[in-house]
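Visitor:
Numbering (the working numbering), first residue to last: 361 to 496.
In structure tokens:
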């Protein structure tokens with residue numbers, strides 16, 4: 361469920377975790393934000409919001425279906441080099457966004473803006489250190 365939460369703006373609530381729901385007599389306070397639900401869902405990953413930002417991603421051509429499924433068929437696509445394309449999309453920067461990129465095992469790479477690339481590099485380094493130190 362997506363609702364307006366005074367401290368955080370638009371917020372996801374897991375309805376399977378909500379208990380003891382009671383109707384209130386208080387009037388609902390409409391949000392001042394207009395919501396384009398399709399765009400909102402396309403830029404949000406696994407219910408986790410984040411700072412919306414335009415991000416450039418380079419994909420292997422085999423991931424064209426995944427890119428369209430995630431961001432819609434109206435995304436701009438341009439050939440980067442043989443076998444790869446890039447697109448710029450609005451996403452909510454969150455751990456779930458980075459996880460979505462990771463699932464493609466190097467076949468999807470964040471290429472801009474530099475601040476988001478730096479965040480991705482930090483996550484990769486952090487994960488690498490964990491596995492280097494692990495006594496599994």
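Just so it is clear, CB atoms sit at the ideal spot from N, CA and C, and this is done for glycine as well.
If you're wondering where the values come from, they're calculated on a predicted model, not measured in any experiment.
Would residue 415 pass as a contact of residue 448 if the rule is Cβ separation under 8 Å?
Guide: For this step, residue 415 is matched to residue 55 along the chain shown. For this step, residue 448 is matched to residue 88 along the chain shown. Against a cut-off of 8 Å, the Cβ pair of residue 448 and residue 415 comes out as a contact.
Visitor: Can you check the segment 426-466 for any alpha helix (DSSP H) of at least 4 residues that lies completely inside it and give the ranges in chain order?
Guide: Fully enclosed alpha helix (DSSP H) runs of 4 or longer: 455-462.
Visitor: Write down the C-beta distance between residue 452 and residue 411 rounded to the nearest angstrom, noting that I regard them as a contact closer than 8 Å.
Guide: On the chain shown, residue 452 is found 92 positions in, with the first residue counted as 1. On the chain shown, residue 411 is found 51 positions in, with the first residue counted as 1. Residue 452 to residue 411, Cβ: 7 Å. Contact.
Visitor: Once DSSP output is grouped into helix, strand and coil, what is the label at residue 474?
Guide: Within the chain shown, residue 474 is the residue found at index 114, counting from 1. It is helical.
Visitor: Provide the residue span of the beta strand (DSSP E) that contains residue 413, from first to last.
Guide: Position 53 of the chain shown, counting from 1, holds the residue named residue 413. Element bounds for residue 413: 411-420.
Visitor: For residue 484, which residues does DSSP report across the bridge?
Guide: Reading the chain shown from its first residue, position 124 is the one you call residue 484. In the DSSP output, where bridge partners are listed per residue, residue 484 has none listed.
Visitor: Would you call the CB atoms of residue 467 and residue 419 closer than 8 Å?
Guide: Within the chain shown, residue 467 is the residue found at index 107, counting from 1. Within the chain shown, residue 419 is the residue found at index 59, counting from 1. Going by C-beta atoms, residue 467 is nearer than 8 Å to residue 419.
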